[in-house]
Amino acid sequence: MNPLNPMHAPSALAGLFAVNLMSDPVSVTHYLVVGAIMFTAGIVCMAVKRNALGVLMGIELVLNGANVNFVAFSSPYLQGEQTASIGLDGQAIALFVILLAAAEAAVALAITLNFYNNHSTVDIDQADGLKG
Amino acid sequence: MLAVINWHSILFLVFAGLACAFAVAVVVADNIVRMAFYLVLALGSTAGLFFLAGAEFIGAMQLMIYVGGTLVLLVFGVMLTAQAPFISIKTSTNDRVLAGVVGAALLAVLLQAAFSVEAWRRPGVGQVANPSATPLGMALLGVRVDDPPAGTSPSLVRSGYLLPFEIVSVHLLVVLVGAAYLARAKRRRTPRGIETADVAASGGSR
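Chains as they are written, first to last, in my numbering: chain A, 1 to 132; chain B, 133 to 338.
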């Protein structure tokens with residue numbers, strides 16, 4: 001461990017903001033923050049968008065935020081003393097997530113186009129045909 | 133002064149800022165075409181983050197499959213459905229406020245979890261092997277050539293990923309067949325014009 005790194009943060013947020021961002025090495029937490037922001041943006045996007053393709057974009061953001069976390073935990077750069085590393089497994093899972101996201105996007109897009117052909121709209125508020 | 137600057141951190145901040153900013157821009161934007169463009173930029177910046185984390189192969193796959201394949205598919209979907217009333221469908225202000233509150237609460241929980249573990253806050257030691265896709269490729273073939281982490285008992289056998297690899301490949305085939313079936317070219321019909329269109333198409337032979 002490099003003794004020059006000031007990681008004696010008194011509070012949680014100070015660990016990210018109070019230290020010198022120019023010289024402080026990146027840790028897993030930095031990546032987790034990015035993943036959390038992308039995940040939250042995706043959840044909100046899925047919740048508020050009324051365009052079906054907008055909901056699909058939210059799903060992509062959520063999957064991508066999860067991928068950031070997987071890659072961070074598997075990274076050989078970011079581990080202090082291999083305390084939190086999951087090794088190569090994280091990269092393999094991230095690869096599977098990317099492939100399954102491609103499959104999911106293809107099917108969701110097909111469903112959206114089918115809905116558009118049948119109802120002449122992509123507003124998901126109009127998709128209430130199954131409501132009892 | 134220049135030697136003090138950690139260029140890895142600088143590049144991380146640049147890519148992380150771009151990724152987060154464009155992810156938020158996807159949520160804020162109303163225009164569906166702009167949302168697609170912002171999503172492309174956000175996922176491209178994430179590929180930069182993957183490169184900086186030492187996952188070169190994942191970053192390349194992110195660029196080629198995600199940005200180059202999936203999002204192009206999404207942009208095609210946007211172009212096929214981008215009629216004038218659907219370019220920007222407004223969300224009501226109440227829904228926006230409610231989603232903002234829920235999103236802030238979720239973000240607070242996630243950030244608290246991210247900062248809660250001391251080991252995750254320790255900066256990396258920076259010992260990196262030569263960049264190579266061999267361990268990942270061999271793992272997908274069922275053979276692990278990467279070193280086990282220190283402290284792991286040697287009795288722990290690390291499994292490969294041959295079975296998930298096969299499952300994903302068959303899954304992709306099934307999905308392609310299903311997508312081609314779902315999105316096959318059909319005559320566009322309006323909800324009210326179904327009967328008249330069918331009668332007209334049958335040509336009155338009955």
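In this text, a Cβ means the ideal position worked out from N, Cα and C, and glycines have one as well.
None of these values were measured; they are calculated from a predicted model.
Please compile the residues from chain A whose C-beta is within a distance smaller than 7 Å of the C-beta of G235/B. T40, I43 and V44
Rounded to a whole number of angstroms, what is the C-alpha to C-alpha distance between A148/B and G132/A? Near 45 Å, if we compare the C-alpha coordinates of G132/A and A148/B.
6 Å CB neighbourhood of Q91/A in its chain, flanking five on each side removed: S74
Identify whether N138/B lies in helix, strand or coil by the three-state DSSP scheme. coil
Note down, in chain order, each residue of its chain lying with its Cβ closer than 8 Å to the Cβ of R50/A, except the 5 sequence neighbours on either side. D123, I124 and D125
Does the Cβ-Cβ distance between V68/A and F182/B come in under 9 Å? yes
Just the Cα atoms here: how many angstroms apart are F96/A and F189/B? 13 Å
Where does N262/B fall in DSSP's three states? coil
Under DSSP, the alpha helix (DSSP H) around D89/A begins and ends at which residues? L88 to H119
Straight-line CA distance for V277/B to I86/A? Taking the straight line from one Cα to the other gives about 15 Å.
Just checking my contact of A174/B with G191/B at CB under 8 Å: how many whole Å lie between their CB atoms? Wrong, their Cβ atoms sit about 14 Å apart, outside the cutoff.
Taking T202/B as the reference, which of D89/A, V62/A, M46/A and L99/A has the closest Cα? Its Cα nearest to that of T202/B, the residue L99/A stands out among D89/A, V62/A, M46/A and L99/A.
What are the residues in the stretch 160–190 of chain B lying within 8 Å of chain A by C-beta distance? Answer set for the stretch 160–190 of chain B: I164, M167, A168, L171, A174, L175, T178, L181, F182, L184, A185, G186, A187, F189 and I190.
Could you have a look at D163/B and say whether DSSP puts it in helix, strand or coil? The question names Asp, yet the displayed sequence has Asn at residue 163/B. In this structure, N163/B counts as coil in the three-state DSSP scheme.
Short of 7 Å Cβ to Cβ, which residues in the stretch 203–214 of chain B face chain A? Across the stretch 203–214 of chain B, CB contacts with chain A closer than 7 Å involve L205, L206, G209, V210, L212 and T213, in sequence order along the chain.
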